[in-house]
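Participant: Per the UniProt record's numbering, the very first residue in the sequence shown carries number 1; after that it's consecutive.
Structure provided below as structure tokens; questions to follow.
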Amino acid sequence: MGTINSKSTNSRSIQRQTQLANDTVDYGSLIPQGLYGIITQDYDANVVTKLMRLGKLAPFYKGLVDPPVFPLGQDQESLEQNLCLDKSKFKLLYTKTAECPICLLWYPACINYSRCCHQPICTECFLQLRRPLDTLSPVYCPFCVRSDFGVIHTPPEWSQYHIAFNDRHPGFGPRTEKWTKEKRVVLNLDDPDVVLVDQVRPHWQEEMADKLSKRRRHSSVLSGSGSTRRVVVRPRNRTMTAVSQRLQTYSAGYIEDLDLHGDAQVNNTNIRSNGNVNGNSNGNNNGNGRVDNYRQLDLEDLLILETIRRTHSN
């Protein structure tokens with residue numbers, strides 16, 4: 001039964017990937033183009049696809065090593081075939097290009113731009129940015145180091161999303177006069193067209209808390225290595241460990257005996273290699289009997305009991 005469910009799940013996954021590969025938004029793909037190879041995707045692919053379909057995030061375009069020069073020469077005609085685009089669509093996309101400063105590849109100018117300094121960034125590079133694992137600080141812009149990094153997608157003029165976008169942000173586009181002259185233009189975090197790094201990871205808080213918890217547990221285990229203190233593991237179905245039971249059993253009698261017969265004097269000659277404690281040879285038999293009662297406690301237990309006794313005496 002489990003094998004049948006697994007095969008069914010794999011079949012649906014393959015069908016979904018095939019559908020996404022065939023679907024396009026503004027002649028761009030809905031699946032990554034392999035820029036970062038087999039790196040594990042820690043973002044929500046469904047959220048990314050939805051943002052692309054809404055025109056708020058640029059689709060996955062194929063990056064070029066060099067911008068094409070039109071009309072295309074013989075050495076560049078193979079680009080159209082490699083991108084699976086006809087000449088009209090290729091020219092429509094790559095007549096105006098922008099270089100992503102992170103991967104240094106050239107893309108159609110209608111990609112994403114940082115909300116703060118309007119630097120171009122491809123979608124695959126944007127999805128690699130995330131909050132640091134050791135802190136909850138927001139992601140900083142890799143270009144101007146402004147906090148809460150986010151991008152805005154500027155649809156091309158021939159896109160179905162261009163008219164609505166232009167109504168919300170008139171004059172905003174790739175390298176327009178408004179961007180080049182007004183360097184201080186920064187879109188707000190709550191702008192409906194801004195996509196923040198956290199938005200493509202809607203469960204980032206839970207995942208971050210889980211990672212930090214695992215890291216703290218790992219650090220606590222490492223800090224215990226090489227220490228002389230014993231690590232006591234508390235069983236699930238018991239309220240006290242064996243050590244705490246022994247301490248509870250002997251603490252009352254230990255405190256009473258030492259209060260009646262004086263402080264215990266423990267020196268190196270009284271401690272044997274097996275951890276037992278011998279009574280003072282000058283003491284009487286009754287005193288030796290009381291000390292014998294504590295022989296099954298090791299030195300650390302005795303020190304704890306002595307600390308408890310001194311606390312009571314104060």
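All C-beta atoms in this analysis are idealised placements derived from N, C-alpha and C, irrespective of residue type, glycine included.
In the DSSP assignment, what are the bridge partners of residue 99?
Facilitator: Paired residue(s): 106.
Participant: Using CA atoms only, rank isn't needed, just tell me which of 189, 308, 108, 204 is closest to residue 59.
Facilitator: Considering only alpha carbons, the answer is 108.
Participant: Going by DSSP, what residues sit across from residue 153 in a beta bridge?
Facilitator: BP columns for residue 153 point to 112.
Participant: Drop a sphere of 10 angstroms on the beta-carbon of residue 111, count the other beta-carbons inside from all chains shown, and report buried for 16 or more, exposed for fewer.
Facilitator: Looking at its Cβ environment, which holds 16 or more other Cβ atoms inside 10 Å, residue 111 is buried.
Participant: For residue 51, does the three-state DSSP call read helix, strand or coil?
Facilitator: Correct three-state label for residue 51: helix.
Participant: Give me the residue from 137, 185, 30, 90 with the minimum Cα distance to residue 70.
Facilitator: Answer by Cα proximity: 90.
Participant: Grab the span of the beta strand (DSSP E) containing residue 136 for me, first residue to last.
Facilitator: Element bounds for residue 136: n/a, residue is neither H nor E.
Participant: Take residue 198 and list the residues in its own chain whose beta-carbon comes closer than 6 Å to its own, dropping the five residues that flank it on each side.
Facilitator: Same-chain partners within the cutoff: 204.
Participant: Are the Cβ atoms of residue 100 and residue 117 separated by less than 7 Å?
Facilitator: Going by C-beta atoms, residue 100 is not nearer than 7 Å to residue 117.
Participant: Which residues does DSSP pair with residue 28 in a beta bridge?
Facilitator: Its beta-bridge partners are 25.
Participant: Just to check my reading of the structure: residue 196 and residue 189 have Cβ atoms closer than 8 Å, yes? What is that Cβ distance to the nearest angstrom?
Facilitator: Indeed, because the Cβ distance is near 7 Å, the residues count as touching under 8 Å.
Participant: Quick one: grab the DSSP three-state call for residue 304.
Facilitator: It is helical.
Participant: Nearest CA to the CA of residue 124: which residue from 142, 52, 36?
Facilitator: Of 142, 52, 36, the residue nearest in Cα terms is 36.
Participant: Could you check which residue in 193, 40, 94, 168 has the C-alpha nearest to that of residue 55?
Facilitator: Out of 193, 40, 94, 168, 193 has the C-alpha closest to the C-alpha of residue 55.
Participant: Find the nearest neighbour of residue 210 within the set 136, 152, 146, 166, judged by alpha-carbon distance.
Facilitator: With distances taken between Cα atoms, residue 210 lies closest to 136.
Participant: Who are the Cβ neighbours of residue 141 in its own chain at under 7 Å, not counting the five residues just before and after it?
Facilitator: Taken in chain order, the residues that qualify are 114, 116, 117, 149.
Participant: Rounded to whole angstroms, what's the CA-CA distance from residue 132 to residue 170? Just pull it up for me.
Facilitator: Cα to Cα, residue 132 sits roughly 35 Å from residue 170.
Participant: Count the other CB atoms, across all protein chains shown, that sit within 10 Å of the CB of residue 163; report buried if there are 16 or more and exposed otherwise.
Facilitator: Result: exposed.
Participant: Terminal residues of the continuous beta strand (DSSP E) containing residue 64?
Facilitator: Unbroken run through residue 64: none, as it is neither H nor E.
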